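J.: Please find one structure pasted underneath; my questions will follow.
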Amino acid sequence: MDLNYTPEDIAFRKQVRTWLEQNLPREPIRTLDERRGWHRQLYEAGYLGMGWPKEYGGGGARPMEQAIVADEMARTNAPAPTNSLGLGIVGPTIVVHGTDAQKRRYLKKILTAEELWCQLYSEPNAGSDLASLKTSAVDQGDHFLVNGQKIWTSAGSVADLGLLLARTDTTVAKHKGITCFLINMRQPGVDVRPLKQITGSSEFSEVFMTNARVEKADQIGKLGEGWAIAQTTLGYERGGRSLARVTTYASHYHKLVNAARRLKRHGRPLIEDATVRQKLGRIWAELEVERYNALRVLTQLERGEHPGAGGSLTKLSYSEFEKRFMELAEEILGPYGQLTEGAPAEYQLQIDTAVGEEGTWAYAYLWSRAGTIYAGSSEIQKNVIGERILGLPKETRADRVGAAR
Amino acid sequence: MNFAFTEDQVLLRNSVRSVLDEQCKPAHVRALMDDPRGYSDALWSEMGKLGWLGLPFPEPQGGAGLGLVELCLVQEEMGRAAYSGPYFSTVALAGLGLMLAGDHGQKEKWLSAFAAGTARGTAALLEDGLDWDPASTGTTAVKSGGGWTLSGLKRFVPWAQVADVILVPARAPEGLSLFLVDPRSPGVRLTPMVGIDLANRWSEMRLDQARVPADTLLGEPGTAAPVLESLLRRAAVCASAEMLGAARRCLDMSVDYAKVREQFGQPIGSFQAIRHRCADMLLAVENCHSAVYYAAWALGAGAEDAAVAASICKAYVSEAARQVCGDAIQVHGGIGFTWEYDLHLYFKRAKALEPLFGDAEYHRELIARHVSA
C-alpha cells in the first residue's frame, strides 16, 4: 500500500496541467461547433480515448493517466468534450464486443467527434426492469426492421448514431431475447423529441422508431447477447472518472465554505455556527471517503481488474453522497441556492453542463436527483450488491418464468 | 499509487485471523468476562512469539519494524474476534507513545518488555470533563526531591488493572508533560469502571501525591502536547480499525443469517427490505475500510493531510460502525437481542470504542477547522 503518485505520474500531471493552462477556452463554450472544436483539440493532444487500442486511434494509456487527465480537467473546471456517450459507453462496447470492421468503421470518428452517439436503452415501460424492453428488431434477410419507443436518450437530439437494445426473440426468457445494435439516427424512421427535465434543460430525448433500418453488419455480438453486453457496458465509464468527480465536488465544497463565511445568522457568520460546522465536517469526511474509494478503484483498474459488481457500490456511494452534499449546499445558501439568475457573484456556481448552458447551484441541486435514478437506480444497485457480491438469494419474481410475451 | 495490501500484509492478516479464529473464539471471550485480569496468558505469549506484540516497534527493541497499516490490520482482526486483552493499550497506546517521546533507555526497557510479552502498558488520556484536547489536562506534576509528585483524576484508562506502566499526561510548571507511572506506586489507586463491553476493561485512576522518579519523564517537561496529539490520532485510527473489524463481523453474520432464516416460506435475504439493508451495511463497511487504511497510510507516511485524515476516519467509522452493528441486530430480529447469540459482543465493542479518542462530533469540528482555515 503506497498512495504516493509515482514520479512518472507526477510528471504526466504537470504536463497535462501546462497544456490545459495554455489551451483552455478563454470564453464559455456555447455552441455544439465550439464544443466539437474543443473536443478535437483534446483528442489531438492525446487526452481522449486514452485507453483505447492504438490501431483504432486510441492512446493505449494506463488507467492512471486517464484519471489524471480527467482530474486535471476537473481541477481547472475545463469544459467537457462532446460525445460523452460515444466515449464512455459506445466506444468501449465496440472495443470489447465489436468486429474488426466495426472498430475500423466507428471508433476513430467517435474520438474526432465527426459522429456523435446516443444510447437507446430505457423505454417508457422498461426502466429499472430494463430487460422487459419491447422495441423489436425483425430480421428481414439483409437487415433488421426496428419498431418501438425509447426514452431518457442522452444527447439524442444531436446524435448521428445510437447504441440500441432491441428484442429479437419473444419466445425465450426476457433476458435472453435481446440483441445489441448500432443504428443510424439520421433516417426517416427515427423521430427524436427533446424531453424537458426538472432542470428546465433537455439533456435527454424520446426516440420513436417506425420501420427504422439496422444493417446486419451493425449487430454487436451474437443474437440474444444484448443483455449480457449491456450489463458489462453500464459500468465502463465509472472508474476512470471517479477521481475527477471528487475533485469537482471539492471545488464546489470550497465555494460553499466561502459562502458560509459571508452569510450570517443571529449576527454571526454561518461558518462560526456549531451546527453548520458539524454539517460541513460531515460532508467533507464523506467527500474524502469518496476520494479514497476512487483511489481503490483506480488501483484495481491499474492491475487490469474489472470492478464488476463493485461498480454498483461505487455508483451507489457517490450518487447518494451527491444528494446529501447538494442538500447541505441548499441549507447553507438559503434562497440564493435556488436562483437560476441574479445571484450575487459570491453565491454563484459556474459549472459546465455540457449542453451550452451555464450551471448554477440550483441546477446542481436539481441534477443531483438524477444520479440515483440513471444507469440503474439505487434500488437496482442494492439488488445487484445483495445478489452478486453478498450472494443473497434472489427474490421470487413474477417474471422469472416463461417467455417475454 | 497503490491502495491495496502487499502480499506480506495479506499474509499477516490471514495469519492473525487464523490464530484468533482458533484461539479467540466467542466461548473464549465469554469465559474471560468473569476473570479479573480479563485475558489469557497463553494467547498473550503466543502473540509475543508471533511478533504481534512488537509489531510497530523498532527491531533493536525486539520489534518487527512494521507500520501503522499493519497494526491496523491486526486491530481489525481483533475487532472481528472481539478480542479480550490489553493488546491495543499496550501496543497502540503505551507502545506508540513511547516510540513518539521516549528516550533510548525508556524504549529499551519498555518496548523490549512489551514485545517479549513480559510487560503490559496503557495510557491515561482522559479526565473528568471527557475532553480529548490535551490542553484540558488538569492533573498536576510538581518537582520534589529529584523526582515528581503527580495529583489528579483520570477516567476510562483501558486495561490499567493489568498494566505495568501507564503513560500519564500532567501539567508541570513548564507546561504539559508526560510521565511513565507504575500503577503500584504509593498514591496511585485504580477502581474498575465496568462498561457494556465486558471484553474490554476500564479503570478510574486516582493520583494522590503519587511520587515518580525523575527518569519517568518522557522528553523534556512542557513538550508533551504535540506528542499527545500525535498519539491520539494514531489511537483514533487503530480504534477505528477495531470498529471496522466488529462491523465486518456483524455484516458477515447478518448475510449468513439472511440466507438461512426463513419467514413467509422463503429466506429473509430474498426480501428487498433485508437485502437492501445488507447492501447499505456493505457500503458502510467498505467506506470504513477506505477511511481506516487511508488514514493509517497517511499517518505512517507523514502525508500532508495525515491529521485531517485521522479525524475523517474516526468521524466516519464511529457512526458507520455503530449503524452497521445496530442494523445487524435488526436483520437478526429477536435472536440478535439474546445474550446467548454472539452478535452483541461485536455490537458492544464498536459502541465501546465510539466515544474514545474523540467521537464523531469532536472530529467533525477538527475537520471544520481544517477546511475553514
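Here the protein sequences line up with chains R and S, keeping their order.
Quick note on our numbering: the first sequence kicks off at -10 and runs consecutively.
Quick note on our numbering: the second sequence kicks off at -8 and runs consecutively.
Where a beta carbon is used, it is the ideal one built from N, C-alpha and C, also for glycine.
No experiment lies behind these values; they were computed from the predicted model shown.
#1: Along the alpha helix (DSSP H) that carries H354/S, what are the first and last residues, could you check?
#2: Can you tell me which of the three DSSP states Q254/S falls into?
#3: In three-state terms, what does DSSP make of R175/S?
#4: Give the range of the alpha helix (DSSP H) segment to which T303/R is assigned.
#5: Measuring alpha carbon to alpha carbon, tell me which residue in A126/R, W41/R, G49/R, A69/R is nearest K92/R.
#6: Going by DSSP, which residues form a beta bridge with M196/S?
#7: Comparing alpha-carbon positions, which option in V1/S, V172/S, T130/S lies nearest D119/S?
#8: Compare the beta carbon distance of T207/S and F170/S with 8 Å and say whether it is the shorter of the two.
#9: Assuming A201/R and V135/R are in contact, meaning their beta carbons sit under 8 Å apart, how far apart are those beta carbons, in whole angstroms?
#10: How about the region 186 to 193 of chain R and the region 147 to 154 of chain R: do they share at least three Cβ pairs that are nearer than 8 Å?
#11: Assign E(-2)/S to one of three DSSP states: helix, strand, or coil.
#12: If you scan the region 52 to 138 of chain R from start to end, which runs of the beta strand (DSSP E) of 3 or more residues do you find wholly inside it?
#13: Closest to T140/S by CA distance: which of L23/S, L357/S, R71/S, A161/S is it?
#14: Assuming D(-2)/R and M53/R form a contact by the criterion Cβ under 8 Å, report the distance between their Cβ atoms to the nearest whole angstrom.
#15: Quick check on A337/R: does DSSP put it in helix, strand or coil?
#16: Would V172/S and I157/S be called neighbours here (beta carbons separated by less than 8 Å)?
#17: Of all the alpha helix (DSSP H) runs that stay within the bounds of the region 202 to 266 of chain R, which reach a length of 4 or more residues?
#18: Taking the CB atoms as reference points, tell me whether L209/S and P125/S lie closer together than 8 Å.
#19: Can you grab the Cα-Cα spacing for the pair D199/S / A22/S, in whole Å?
#20: Taking Cβ-Cβ distances shorter than 7 Å, what residues in chain S pair up with Y281/R?
#21: Does the region 275 to 285 of chain R come close enough to the region 275 to 287 of chain S that 3 or more CB-CB pairs lie under 8 Å?
#22: Quick one, which of G47/R, V58/R, Y32/R, P17/R has its alpha-carbon nearest V432/R's?
#23: Let me know if S306/R comes out buried or exposed under the rule of 16 or more other beta-carbons within 10 Å of its beta-carbon.
#24: For W150/S, which option in G178/S, P183/S, S135/S, S168/S has the closest C-alpha, if you only look at C-alpha atoms?
#25: With contact counted as at least three CB pairs below 8 Å, one residue from each stretch, are the region 237 to 252 of chain R and the region 283 to 297 of chain S in contact?
#26: Alpha carbon to alpha carbon, how far is Q314/S from E345/S? Give it in angstroms, no decimals.
#27: DSSP three-state call for C169/R: helix, strand or coil?
#28: Is the distance from the Cβ of G112/S to the Cβ of A232/S below 8 Å?
#29: Using 8 Å as the threshold, is the C-beta distance between V147/R and L31/R below it?
#30: With a threshold of 16 other CB atoms inside 10 Å of the CB of Q152/S, please say whether the residue is buried or exposed.
#31: Run through DSSP, which three-state label would L121/S get?
#32: Could you have a look at E192/R and say whether DSSP puts it in helix, strand or coil?
T.: So, from the listed chains and residues:
#1: Translated into positions along the second sequence, residue 354/S becomes position 363. Start and end: 351 to 363.
#2: Counted from its first residue, the second sequence places residue 254/S at position 263. Looking at Q254/S - three-state DSSP - the assignment turns out to be strand.
#3: Taking the first residue of the second sequence as position 1, residue 175/S is located at position 184. Coil at R175/S, not helix or strand.
#4: Position 314 of the first sequence, counting from 1, holds the residue named residue 303/R. Here the alpha helix (DSSP H) through T303/R covers 299 to 322.
#5: Taking the first residue of the first sequence as 1, we reach residue 92/R at position 103. Nearest option by C-alpha distance: W41/R.
#6: Numbered from 1 along the second sequence, position 205 holds the residue referred to as residue 196/S. Answer is K145/S, L181/S, bridged to M196/S.
#7: Residue mapping note: residue 119/S aligns to position 128 of the second sequence, counting from 1. Selected option, being the one with the closest Cα: T130/S.
#8: In the second sequence, residue 207/S corresponds to position 216, counting from 1. In the second sequence, residue 170/S corresponds to position 179, counting from 1. Yes. Within cutoff.
#9: Position 212 of the first sequence, counted from the first residue, corresponds to residue 201/R. Position 146 of the first sequence, counted from the first residue, corresponds to residue 135/R. Yes, they are in contact, since the Cβ atoms of A201/R and V135/R sit about 4 Å apart, within 8 Å.
#10: no
#11: Residue numbering aside, residue -2/S sits at position 7 when the second sequence is read from its first letter. Helix at E(-2)/S.
#12: 106 to 109, 125 to 128
#13: Here residue 140/S refers to the residue found at position 149 when the second sequence is read from its first residue. T140/S has its Cα closest to that of A161/S, out of L23/S, L357/S, R71/S, A161/S.
#14: By 1-based counting over the first sequence, the position of residue -2/R is 9. By 1-based counting over the first sequence, the position of residue 53/R is 64. Indeed they touch by this definition, with Cβ atoms about 6 Å apart.
#15: The count along the first sequence starts at 1 and reaches residue 337/R at position 348. The identity of residue 337/R in the sequence shown is Gln, whereas the question assumes Ala. In this structure, Q337/R counts as coil in the three-state DSSP scheme.
#16: Numbered from its first residue, the second sequence carries residue 172/S at position 181. Numbered from its first residue, the second sequence carries residue 157/S at position 166. The answer is yes: Cβ separation under 8 Å.
#17: 215 to 222, 227 to 251
#18: Numbered from its first residue, the second sequence carries residue 209/S at position 218. Numbered from its first residue, the second sequence carries residue 125/S at position 134. No; because the gap between Cβ atoms is not below 8 Å, this pair is not in contact.
#19: The residue you call residue 199/S lines up with position 208 of the second sequence. The residue you call residue 22/S lines up with position 31 of the second sequence. C-alpha separation (whole angstroms): 35 Å.
#20: For this step, residue 281/R is matched to residue 292 along the first sequence. Under the 7 Å cutoff, chain S gives S281, A282, Y285.
#21: yes
#22: Since the displayed chain R opens at -10 and closes at 394, residue 432/R lies outside it and no answer follows.
#23: Taking the first residue of the first sequence as position 1, residue 306/R is located at position 317. Classification for S306/R: buried.
#24: For the purposes of this step, residue 150/S is taken as the residue at position 159 of the second sequence. Minimum Cα distance to W150/S is reached at P183/S.
#25: no
#26: One-based indexing of the second sequence puts residue 345/S at position 354. One-based indexing of the second sequence puts residue 314/S at position 323. Roughly 11 Å separates the two Cα atoms.
#27: Position 180 of the first sequence, counting from 1, holds the residue named residue 169/R. In the structure shown, C169/R sits in a strand (DSSP, three-state: E or B).
#28: Locating residue 112/S in the second sequence gives position 121, counting from the first residue. Locating residue 232/S in the second sequence gives position 241, counting from the first residue. No, they are not a contact pair.
#29: Counted from its first residue, the first sequence places residue 147/R at position 158. Counted from its first residue, the first sequence places residue 31/R at position 42. No, the Cβ-Cβ distance between V147/R and L31/R is not below 8 Å.
#30: Position 161 of the second sequence, counted from the start, is the residue given in the question as residue 152/S. Buried.
#31: One-based indexing of the second sequence puts residue 121/S at position 130. Residue state, collapsed to three classes: coil.
#32: Here the question's residue 192/R lines up with position 203 in the first sequence. In this structure, E192/R counts as coil in the three-state DSSP scheme.
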